[in-house]
Amino acid sequence: MSRLAFSPGAGPEQLINGRYQVIEILNRLSWGQTCIALDTYRPGNPECIVRQFRPVTDDPDSWQAAQDIFHRETKILEIICQHEQVAQILDCLEIDH
Numbered sequence: 219m220s221r222l223a224f225s226p227g228a229g230p231e232q233l234i235n236g237r238y239q240v241i242e243i244l245n246r247l248s249w250g251q252t253c254i255a256l257d258t259y260r261p262g263n264p265e266c267i268v269r270q271f272r273p274v275t276d277d278p279d280s281w282q283a284a285q286d287i288f289h290r291e292t293k294i295l296e297i298i299c300q301h302e303q304v305a306q307i308l309d310c311l312e313i314d315h
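Put into structure tokens, the structure is as follows:
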């Protein structure tokens, strides 16, 4: 049960990328938030974790650096998630900011 998303913040009752129905926000930090959502594209609408990344900068260089860090972390998580006791990453996407 794991998903990563690069997107603007969403709250309960909002769809992320037209697919993930936020049901609970687990934490909200300056760089984004993590929430529990329903995957409305999969049969039975299973719960998943959505990590939304939203740095608080309009500076293009800072934004690019933040994006690079996000993608590097995603690649590391993809390796870690190969362990049977760690949630699997099923999707990673970017939504224009």
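In my numbering, the protein residues as written are 219 to 315. The beta carbon of each residue, even a glycine, is placed where N, CA and C say it ideally should be. Note that the structure is a prediction, hence the values are computed from the model and not measured.
Given this structure, state the Cα-to-Cα distance separating residue i from residue j, to the nearest angstrom.
i: I297; j: Q232; result: 30 Å
i: I254; j: D279; result: 31 Å
i: L256; j: N235; result: 12 Å
Figure out for me which residue from the options has the closest Cα to the Cα of residue i.
i: V274; options: I287, P261, L256, S248; result: S248
i: I243; options: G262, C266, P261; result: C266
i: P261; options: D277, A284, R237; result: R237
How would you call residue i, buried or exposed, if buried means at least 16 neighbouring beta carbons within 10 angstroms?
i: V240; result: buried
i: Y259; result: exposed
i: I294; result: exposed
Hey, could you find the ends of the beta strand (DSSP E) residue i is sitting in?
i: T252; result: 250-257
i: I243; result: 238-247
Problem set entry | Touch test, the segment 247-262 against the segment 270-285, Cβ-Cβ under 8 Å, three pairs minimum | yes
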